[in-house]
Each structure stands twice: as structure tokens, then as C-alpha cells.
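Residue numbers (our numbering): 14 to 352.
Structure first, commentary second.
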Amino acid sequence: MQFHGERLTMAGDRVKLKSSDFSLPYMGSLDDRTLYVQNIPETWDKIQFVRERNSGSPKAEFLLAVEKETERMKSYFSIDKLEPSLVGGNIRKPIIYNERLHRHMYLPWGEQVQTELIKPISESMQWPMIFYVLAKTHVCETENFLISNEDLDGHIVAHFKRAAQVKHVVKDELLVAAPKGPYQLPLRCRVLEELDNEKVRIYALDVGQTLVVQMSELKVISEYLASVPARAVPCVLYGITKPTAAFGQVASRLLENIKQLVILVVSFKGAIALVRAFELNGSLIREVASILTNEGVCEYKPPNKRRVYSRETVLSLRKQQRKLQILNREVGEAILVNP
């Protein structure tokens with residue numbers, strides 16, 4: 014084993030290195046400095062950020078990696094340098110919404126989560142009646158790390174103060190809108206439509222509401238703020254069948270009057286969470302779908318428990334070269350599809 018502080022000559026003799034041979038920054042004398050032993054893998058090409066053998070100049074690749082990392086960090090903590098992209102006479106680089114990249118926060122599947130309903134429920138009152146909730150958590154999970162809500166709010170406020178105002182917008186562009194009132198925060202948003210008289214219809218990512226604002230209230234967004242998932246999670250009640258015309262009105266009134274709302278994710282439909290909603294009142298728990306059924310505005314079919322086959326049963330069928338037969342009706346009922 015070779016230790017830091019020693020090197021081998023061609024003859025195999027150990028030679029003491031000089032202080033200048035160390036690549037680490039000087040931190041005291043050679044005697045009082047701590048040295049560490051490392052196991053260096055032989056397959057360098059299997060390690061990320063390390064060049065493959067015979068792939069080019071090590072210095073050039075190192076400088077390129079440093080430049081890429083510098084640009085990435087600039088996009089996180091400062092305004093991007095504008096690229097010569099012409100957008101309606103305004104030269105800047107718009108960040109366009111992509112559902113694969115710009116997502117909302119996830120609610121864990123199969124776990125009861127206390128949430129806060131965003132009021133009022135502004136979507137259509139017709140079925141399926143999408144409503145938005147905020148998970149009662151203190152952190153937002155990004156692609157690489159967790160950030161507290163307070164820190165994210167601070168980033169949004171600081172960015173809005175120094176960000177450039179836009180003169181033109183593009184559909185589905187991500188921007189930051191001015192606060193709607195005193196003691197409120199700027200809003201991360203997505204452009205839905207440009208209207209007349211310098212007005213723009215936007216969707217506020219963190220509050221789940223559609224708003225109309227003046228063009229002068231919109232500023233560019235950084236790639237970092239665009240990458241943090243939206244805090245408002247769209248939900249639809251799971252298992253509802255045969256909703257009446259009054260379903261939306263009754264369901265929205267019921268949800269908005271619940272003080273403690275608990276959500277249980279059953280499945281997903283694209284970006285929308287299919288959930289069971291519960292009213293928590295002390296030790297009493299009532300399911301929203303059951304209450305709506307008692308009100309006569311719908312029917313409710315709770316999710317069936319997954320059928321589990323034992324290993325012995327599967328192996329016995331395999332030996333007999335037989336198959337399990339499941340009726341189409343049973344499959345349709347399991348996924349709430351009418352055959």
C-alpha cells in the first residue's frame with residue numbers, strides 16, 4: 014500500500030516528498046498536518062466526470078468540465094446571460110414549461126398526509142372537479158436536494174427584486190409575477206394566454222390558481238427557480254361514479270369547510286393525483302366520498318385490495334402449464350373502467 018507523503022522510484026525505494034509536492038492547500042507545517050489514505054480505483058473511465066482513456070487532452074476536458082459547472086451554478090444563483098434569441102422584439106432566452114422537467118411536489122403513495130386545501134376551488138365545478146392542496150411540510154424536494162419553504166421564499170423575493178422585466182411573453186413560458194398584495198410573495202407562474210391591453214392570463218404554480226395580470230408585473234425567472242417543483246398539487250377524488258349535476262357545488266363546499274384535511278394517494282392520472290380525502294375531527298375520521306354518497310350526489314366505489322397469489326400456487330400452475338383466468342369485468346372494476 015502506498016501512503017500520501019511517499020512515492021516509489023523505479024528501483025522501488027521510497028522517497029520522502031517535499032512540501033511543494035502536495036497538491037492540497039498548505040494548512041500548517043508538514044508535521045502537524047493530517048494525511049489521508051485513499052484507495053484509487055483502476056478503472057478510471059467508469060467514474061463520472063473522469064475522462065475515458067485516450068479520449069483527448071486532459072487539460073482541455075478539465076477546463077470544459079469547469080466551464081459547464083460554472084454555467085450551471087450561475088443559472089442557480091444568478092440571472093442567466095441573455096442569448097440572442099428574438100422573442101417578439103425582446104432579446105432574451107425564455108424558459109418554456111415542460112411537464113417532464115417542471116413538475117409539482119409529490120404526495121407519497123399509500124400514506125395519509127395532512128394537507129391544506131387551496132381556497133376557493135377555482136376549477137370547473139363539473140366532474141372530475143380538480144382541486145389543489147399544499148402538503149404540510151417544511152421542505153421542498155428538488156432534483157438534487159431539499160430546500161426549506163422559508164429559503165425558497167427568500168430566493169423568490171431576492172430574484173424578483175433584481176430580475177429584468179419582460180416586454181413580450183410566449184405561451185407556456187415560466188416567469189415570476191409581482192405580489193398580489195402587501196405582505197405577499199411574488200408568484201412563480203406559467204403563461205397561459207396573452208390578452209388585449211397588455212394583460213396576460215397566468216397559472217400560479219405555488220397556489221394553483223389562474224390569474225390575469227398586467228404585462229408590467231412579469232419578470233424573467235432563473236433556471237434554479239424554474240427547477241424547484243411547484244408546491245400546489247392537483248388532485249381528483251378517487252372512486253367517484255355517476256356524479257350528478259350538483260356534485261361539484263356540494264363537493265367544493267364540503268372540502269372548503271374541512272378544517273383538517275387528510276389525503277391518501279391511490280393512483281395517478283398524468284400529473285393529477287387520484288386521492289381519497291378524509292375529514293379529521295379529533296378522533297373522528299370521515300371519508301369525503303362517503304359523505305358525498307350520503308348526500309345523494311354520486312356513487313362511490315372504494316379501491317379493492319390487491320389479490321395476492323402464493324408462490325406455491327404459481328409454481329403448481331407452472332408445472333401443470335396452466336394459466337390464471339381473470340375476467341375482463343374484474344379488470345375493468347379494478348381500474349374503474351366500464352367494459
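We put the CB at the ideal spot given by N, CA and C, even for glycine.
Using a Cβ distance threshold of 9 Å, LEU250 and MET142 count as a contacting pair. In the three-state DSSP reduction, THR257 falls in the coil class, being neither helix nor strand. For ASN294, same chain residues with a beta-carbon under 8 Å away, outside a window of 5 residues either side, are LYS272, GLN273 in chain order. By the C-beta criterion, the region 179-187 is judged not to be in contact with the region 283-297, since fewer than 3 inter-stretch pairs fall below 8 Å. In its chain, beyond the 5 residues on either side, GLU211, LYS212, VAL213 have a beta carbon closer than 8 Å to the beta carbon of GLN227. Distance from the Cα of ARG175 is smallest, within the candidate group ALA191, GLN139, ASN162, for ALA191. Taking every protein chain shown into account, the CB of ARG113 has fewer than 16 other CB atoms within 10 angstroms, so this residue is exposed.
Residues VAL310 of the same chain have their beta carbon placed closer than 8 Å to that of ALA259, with the five preceding and five following residues left out of the count. Residue pairing by DSSP places ILE109 opposite GLU186 in a beta bridge. Between ILE169 and LEU238, the beta carbon gap of about 6 Å places them in contact (Cβ cut-off 8 Å). For SER235 and VAL126, the gap between their C-alpha atoms comes out near 31 Å. The continuous alpha helix (DSSP H) containing SER240 extends over residues 236-240. When secondary structure is reduced to three states using DSSP, LYS174 falls in the helix class. By alpha-carbon distance to VAL246, the top candidate from ASN162, ILE276, GLU207, PRO256 is ILE276. Of VAL220, ASP164, LYS184, the smallest CA-CA separation from ILE109 is found for LYS184. For the set SER161, CYS248, ALA217, the Cα lying nearest the Cα of LEU231 is the one of ALA217. As DSSP reads the structure, THR128 sits in a beta bridge with ALA148, LEU274.
The DSSP-derived three-state label of ARG266 is helix. Between LEU305 and LEU267, the C-beta gap is smaller than 9 Å, which places the two residues in contact. Of the candidates VAL220, LEU224, GLU186, GLU186 places its Cα closest to the Cα of VAL204. Sixteen is the threshold: since fewer than 16 other Cβ atoms of the shown chains lie within 10 Å of the Cβ of ASP164, the residue is exposed. Beta-carbon to beta-carbon, LYS255 and GLU292 are separated by about 22 Å, too far to satisfy the 8 Å threshold. Of CYS248, ASN270, VAL301, the smallest CA-CA separation from SER280 is found for CYS248.
Within the DSSP secondary-structure output, LEU305 pairs in no beta bridge.
Within its own chain, the residues whose Cβ lies closer than 8 Å to the Cβ of GLU124, once the five positions on either side in sequence are excluded, are LEU277, VAL278, listed in chain order. In the DSSP annotation of this structure, the continuous segment of the beta strand (DSSP E) that includes TYR216 starts and ends at 212-217. For the 9 Å CB-CB criterion, ARG244 and LEU147 form a contact. Counting along the chain, LYS232 sits inside the beta strand (DSSP E) bounded by residues 231-233.
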